Every structure is written in structure tokens, then in C-alpha cells.
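Chains A and B supply the protein sequences, listed in that same order.
Be aware that the first sequence starts at 1, since it is given in this note's numbering, and climbs by one per residue.
Be aware that the second sequence starts at 202, since it is given in this note's numbering, and climbs by one per residue.
What follows is one structure encoded as C-alpha cells, with my remarks underneath.
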Amino acid sequence: MKKVLIYYNFILVTIITVSGFLGATSIPQLLSAVIFFPLAVYFWLRVVPRRRQALLIPDRVLVIPNVIPKVTEPEKDKAEEGHPGFDINRRTFVKLIGSAGLALFLFAMFTKKSQQAFFGKDPAAAQESGIKHPTDGYTIARIDDGSPAFYGFLNKEGSWFIMREESDGVYKYAKGASDFLEAGWGTRDMLAYGEFNTVFD
Amino acid sequence: MNLFGKIFLYYSAILAIFATVSASFPLQLIFLPLPIYFGWVIFSEVKNARKNGPSKGLKHAPLGKKMVLVSLAIFLMLLGMGVININKLQ
Chain A
1 MKKVLIYYNF ILVTIITVSG FLGATSIPQL LSAVIFFPLA VYFWLRVVPR
51 RRQALLIPDR VLVIPNVIPK VTEPEKDKAE EGHPGFDINR RTFVKLIGSA
101 GLALFLFAMF TKKSQQAFFG KDPAAAQESG IKHPTDGYTI ARIDDGSPAF
151 YGFLNKEGSW FIMREESDGV YKYAKGASDF LEAGWGTRDM LAYGEFNTVF
201 D
Chain B
202 MNLFGKIFLY YSAILAIFAT VSASFPLQLI FLPLPIYFGW VIFSEVKNAR
252 KNGPSKGLKH APLGKKMVLV SLAIFLMLLG MGVININKLQ
């Protein structure tokens, strides 16, 4: 149990420390990564294998005969010949790295928040960098389902736009900054409509 | 455990608690094993010291010169990469 905790923490702290150094965008962020570095060293020292006798696992069962006719030279174990430095701890370590890495990958896939927390991205800055749609904040206010059909949209500042749906599937737009009922919806037949990119450029 | 080991352990434990407390909710669950581990280690150290008295020798093998050099090299490499990254951004 303790070993699992050590390996898990080792992977976690290594990821945090390395991403802290590589993802630092300012000196204070780099300093915080430096402060956390001893934590990573602590777990590295716990994980790095010490010099000790490696445990050999024989790949065949050794059968000791009842009568040994003649022993000329002690036979070398096949396992020892094939894998002289085989360490069972290494295999456990690789397995743990794989499982923890997979868990972290899945976590990163399903939560965007964790990515921001790991790499220190400011959510507000990330939002600013995103593309804003010109019709954000508008909501439907009037519908005229004749032919052509008109849809009136209004936002909380009083700006408006009207979308005209023509019978051949063409959508055209007209917009205004205020006075939706008088200058917009009331005169929707006479407004100058244009393509989306020309009206909202 | 010697004095250096104790300082190292307590410093790491404080950092682990700080990281867990300051993280947002889903991350706190991921960080939780860190303070659990340090709590376990410190508790067993204290228990051991009460039972056997303060230990005079090293429980673990001393930190080798090679390990110190490797740690230092990794630290300098990461620091250099971080500084280069910041300079690029500026």
C-alpha cells in the first residue's frame, strides 16, 4: 500500500514540477516551481532503486532428482543466464506508471478545469482569447412567419437585428442600435438587408 | 533519521498540504494521497521514536554524491528551460 502511494505521488509530483517549470510564464511562477522542486526530489529518492540483490525468477521448475549420478560442474540457472539483472520492482514500477498515466490522461480529457489548474492558465484570459460571436447576448423578440419570414432579435442594451428568411432558403440580416419597435420591427419590409458578414463586419 | 532528512521530510509535508489545500475541488482529490503519505510517514517516525528513543544512525542509505549531482543537473536543466520559455514570451 505504501509503495503504491509512493509511486503515485512520484508520478503526480513529477508531472506538476516539470509542467511548472516548462509552463511558467513569469518569474513568480518559476519561483513557485523551484519551491516545489524538493518535493519531487524527495519522491525521486524514494523511487530510484538502491543497489541490492536482484530477485531472479526462474522460467522453469527446478526438479531435484532423488539420486544424482555424477556432478561434474554446477549447472547455471537458465533465468540467471537469460536475465542477469532482472528486477521485479522495475516491473511493478512500469505497471504503476502506465496505470497512473492513463488515469491522468483520462482526467485531463474529461475536465478542462484541471488543465487550467496544472498549467496555470487564467480562465479570464482564456475566455478573452476565444472567438466571440457577434450575435451573443441577443434573444428572440418577434416572429413574423409569413413569406418571407422575419425574426426579430433584441439584446439588453436595446440593440437589435432582424433576420429575413426567404422562400429559397436565403437568410439576410439588418441591424440597428436602438428603437427596435419603431425603426426596426415596424418597418421590417422596407429595411436594407444584407449578408451576415457584411452586416456584422 | 538525521536532521537533514527530518527537515526535508517536514518541508515536503508542508508543501504537499499547501498544494492540496490551495487546489480547486477535483484536483484536491488527486492531491489527497500526498498529505496522506506524509501523515503516514511522520506518524510512523514519531511512533518509532517513542518506542525506541531518538535514532542515532541513518535509517536509509545516505544520499550519494551521484544522486546529488543528478538532482542538481535536472534542476538546472528545468530552470534553464523555464527561463528560456519566459524570455521567449517576453
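Glycine included, C-beta positions come from ideal geometry on N, C-alpha and C.
No experiment lies behind these values; they were computed from the predicted model shown.
**OP:** Label A:I11 either buried or exposed according to how many other C-beta atoms from any shown protein chain fall within 10 Å of its C-beta, with 16 as the threshold for buried.
**Re:** Counting from 1 along the first sequence, the entry for residue 11 of chain A is found at position 11. With 16 or more other Cβ atoms within 10 Å, it is buried.
Original post:
Under a Cβ-count criterion, where at least 16 other Cβ atoms within 10 Å of its own Cβ denotes burial, should A:I35 be classed as buried or exposed?
Top reply: Within the first sequence, numbered from 1, the residue matching residue 35 of chain A stands at position 35. Result: exposed.
**OP:** Compute the distance between the beta-carbons of A:N89 and A:F43, then report whether it is under 7 Å.
**Re:** The count along the first sequence starts at 1 and reaches residue 89 of chain A at position 89. The count along the first sequence starts at 1 and reaches residue 43 of chain A at position 43. In this structure, A:F43 does not lie closer than 7 Å to A:N89 by Cβ.
Original post:
Listing by chain order, which chain A residues have their CB less than 8 Å from the CB of B:I237?
Top reply: Here the question's residue 237 of chain B lines up with position 36 in the second sequence. At a C-beta separation below 8 Å, B:I237 has these neighbours in chain A: L5.
Original post:
With 7 Å set as the bound, which would you pick, yes or no: does the beta-carbon of A:F37 sit closer than that to a beta-carbon of chain B?
Top reply: The sequence position of residue 37 of chain A within the first sequence is 37, counting from 1. So yes, A:F37 belongs to the interface.
**OP:** May I ask which residues mark the beginning and end of the beta strand (DSSP E) holding A:A174?
**Re:** Numbered from 1 along the first sequence, position 174 holds the residue referred to as residue 174 of chain A. Unbroken beta strand (DSSP E) run through A:A174: 171–176.
**OP:** Sort out for me which residues DSSP pairs A:E165 with in a bridge.
**Re:** What you label residue 165 of chain A is simply residue 165 of the first sequence in a count that begins at 1. In the DSSP assignment, the residues bridged to A:E165 are A:A149, A:Y171.
Subject >> When A:D179, A:G137, A:A100, A:D144 are compared against A:T14, the one with the closest alpha-carbon >> reply: Along the first sequence, one-based indexing puts residue 14 of chain A at 14. It is A:A100 whose Cα lies nearest to the Cα of A:T14.
Original post:
Applying a beta-carbon distance threshold of less than 7 Å, which residues of chain A neighbour B:G283?
Top reply: The residue you call residue 283 of chain B lines up with position 82 of the second sequence. For B:G283, the residues of chain A that pass the 7 Å Cβ criterion are F21, L22, A24, L30, A33, in the order they occur in the chain.
Subject >> Contact set between A:L12 and chain B, taken where Cβ atoms lie within less than 8 Å >> reply: Walking along the first sequence from the start, residue 12 of chain A turns up at place 12. Residues of chain B passing the Cβ test: I231, F232, P234, L235.
Original post:
Interface residues of chain A around B:L280 at Cβ under 9 Å?
Top reply: To locate residue 280 of chain B, count along the second sequence from 1; it is residue 79. Residues of chain A passing the Cβ test: F21, L30, A33, V34, F37.
Original post:
Between the stretch 229–248 of chain B and the stretch 270–278 of chain B, are three or more C-beta pairs nearer than 8 Å?
Top reply: With the cut-off at 8 Å, the stretch 229–248 of chain B and the stretch 270–278 of chain B do not touch.
Original post:
Between the stretch 142–159 of chain A and the stretch 176–195 of chain A, are three or more C-beta pairs nearer than 8 Å?
Top reply: In short, these stretches touch, since the Cβ pair count reaches three.
**OP:** Go to A:R188, then tell me how far its alpha helix (DSSP H) extends in each direction, as first and last residue.
**Re:** Locating residue 188 of chain A in the first sequence gives position 188, where the first residue counts as 1. Taken as a continuous stretch (DSSP letters only), A:R188 belongs to no alpha helix (DSSP H), as it is neither H nor E.
Subject >> Residue-level contact to chain A via CB, B:F219, 7 Å cutoff >> reply: Along the second sequence, one-based indexing puts residue 219 of chain B at 18. False, the Cβ-Cβ gap to chain A never drops below 7 Å.
Subject >> Where B:S309 falls, given that 16 or more other Cβ within 10 Å makes a residue buried >> reply: Summary: the structure shown does not reach residue 309 of chain B, with chain B confined to residues 202 through 291, and so no result is reported for it.
Original post:
How would you list, in chain order, the residues of chain A whose beta-carbon sits under 8 Å from the beta-carbon of B:L216?
Top reply: Taking the first residue of the second sequence as 1, we reach residue 216 of chain B at position 15. Those within 8 Å of B:L216 in chain A are I35, F36, P38, L39.
Original post:
So, is the C-beta of B:F205 closer than 7 Å to a C-beta in chain A?
Top reply: Translated into positions along the second sequence, residue 205 of chain B becomes position 4. No - not a single Cβ of chain A is within 7 Å of the one on B:F205.
Original post:
Are the beta-carbon atoms of A:R164 and A:Y193 separated by less than 7 Å?
Top reply: Numbered from its first residue, the first sequence carries residue 164 of chain A at position 164. Numbered from its first residue, the first sequence carries residue 193 of chain A at position 193. Less than 7 Å divides the Cβ of A:R164 from the Cβ of A:Y193.
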